[in-house]
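Numbering (the numbering used here), first residue to last: -15 to 269.
Note that beta-carbon positions come from the ideal geometry of N, C-alpha and C, so glycine has one too.
For reference, the structure is listed below as structure tokens.
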């Protein structure tokens, strides 16, 4: 009988060759981040020097101080943090309940309604931005953070999250819920005590997707926000310009480096749950 080989059966030479190939393939993805971080501590004259310096010959740490002097960057950082946190929690709540309803509750037109909901992913955000602006203007919510919270929770990011949660709930064994129903649990009790704890991998994937989307949101802030103290980080990065409206490259890259840190930390600590959550969603249903 033939036995399947496992990754541990690879010879040391083949393993070294594989890792070497992966390192080479990683260069196009790692280099932009390396260039951003190193350029943030270079004088402007050194940033575009040719040949480019992979390691700075001169370090100028004053750029990080300028980030906070030229703008209320700490306040803008806090704005992005709390908005992303609220949007993430809100989207997880909405998508988990909606996904469970589409997966387990049988009602007339369920599949049709779900398909209509999914069609929301096909509508570009640029198409709806003007009607949304007019709506929030009438409500007196322009130049507040409410549009940046409500639009993602009830918009396309939540639709995608609902799809992920529905696919995960469909894959759960129905027998678990039937046993819980025999024990006297209500529909909400089954969702809260049985289905939701088992859906932690999918919730982790939804949380990462939602956090990244909210953290990187750019179009909505430049439309709805006008006061620097209300800006979020993507909008704030565009404000580091000189008197001629030219980019202050080293200061802008220093701000971009600080902006990327939370995203990097979140992905490093949650990448396992992220991959596991996507692997369990499947295409069933």
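Practice item. Could you name the residues that DSSP lists as bridge partners for residue 131? Key: DSSP, once it has assigned bridges, lists no residue as partnering residue 131.
Review point. Within the chosen definition, does the segment 183 to 196 reach the segment 217 to 235 through at least 3 CB pairs nearer than 8 Å?
Key: Counting Cβ pairs under 8 Å, fewer than three are found: no touch.
Practice item. Please determine, among 194, 132, 131, the residue with the shortest C-alpha to C-alpha distance to residue 144. Key: Among 194, 132, 131, the Cα nearest to that of residue 144 is on 194.
Practice item. Report yes or no: do the segment 71 to 84 and the segment 149 to 163 share at least 3 C-beta pairs separated by less than 8 Å? Key: The answer is yes - the segment 149 to 163 touches the segment 71 to 84, with three or more Cβ pairs under 8 Å.
Check your understanding: Do three or more CB pairs link the segment 108 to 124 to the segment 55 to 74 at distances below 8 Å?
Key -> By the C-beta criterion, the segment 108 to 124 is judged not to be in contact with the segment 55 to 74, since fewer than 3 inter-stretch pairs fall below 8 Å.
Practice item. Can you grab the Cα-Cα spacing for the pair residue 1 / residue 10, in whole Å? Key: Each residue's Cα considered, the two are about 14 Å apart.
Check your understanding: How big is the Cα-Cα spacing for residue -1 and residue 134?
Key -> So the two alpha carbons sit approximately 49 Å from each other.
**Study point:** Reference residue 55; option with closest CA among 166, 5, 136, 220
**Key:** Cα-wise, what sits closest to residue 55 is 220.
Point to revise | Unbroken alpha helix (DSSP H) run spanning residue 171, endpoints | key: Segment 171 to 174, the alpha helix (DSSP H) holding residue 171.
Check your understanding: Cα separation between residue 19 and residue 89?
Key -> Distance between the alpha carbons of residue 19 and residue 89: 51 Å.
Exercise for review: If I'm right that residue 215 touches residue 131 with Cβ under 8 Å, what's the distance once you round it to whole angstroms?
Suggested key: Not quite, the Cβ-Cβ distance comes to about 13 Å (not below 8 Å), so this is no contact.
Review point. Hey, out of 48, 109, 129, 184, whose CA is closest to residue 76's CA?
Key: Ranking 48, 109, 129, 184 by CA distance to the CA of residue 76 puts 184 first.
Point to revise | Straight-line Cα distance separating residue 79 from residue 160 | key: Roughly 21 Å between the two C-alpha positions.
Review point. Under 8 Å, do residue 234 and residue -4 count as touching if we go by C-beta distance?
Key: Not a contact, by the Cβ cut-off of 8 Å.
Practice item. To the nearest angstrom, report how far apart residue 245 and residue 92 are at their CA atoms. Key: In a straight line, the C-alpha of residue 245 is about 47 Å away from that of residue 92.
Exercise for review: Over the uninterrupted alpha helix (DSSP H) stretch that includes residue 83, give me the two end residues.
Suggested key: Note, residue 83: alpha helix (DSSP H), 57 to 88.
Practice item. For residue 231, write down the residues that DSSP places opposite it in a beta bridge. Key: Partner(s): 225.
Point to revise | residue 53 in three-state terms, based on DSSP | key: When DSSP states are grouped into helix, strand and coil, residue 53 belongs to the helix group.
Practice item. Could you tell me whether the Cβ atoms of residue 198 and residue 107 are closer together than 8 Å? Key: Contact flag unset, no.
Point to revise | Alpha carbon of residue 109 to alpha carbon of residue 99, nearest angstrom | key: Approximately 19 Å, taken between the alpha carbons.
**Study point:** residue 19: first and last residue of the uninterrupted alpha helix (DSSP H) it sits in
**Key:** Unbroken alpha helix (DSSP H) run through residue 19: -4 to 23.
Review point. Rounded to a whole number of angstroms, what is the C-alpha to C-alpha distance between residue 156 and residue 166?
Key: Rounded to the nearest angstrom, the gap between the Cα atoms of residue 156 and residue 166 is 17 Å.
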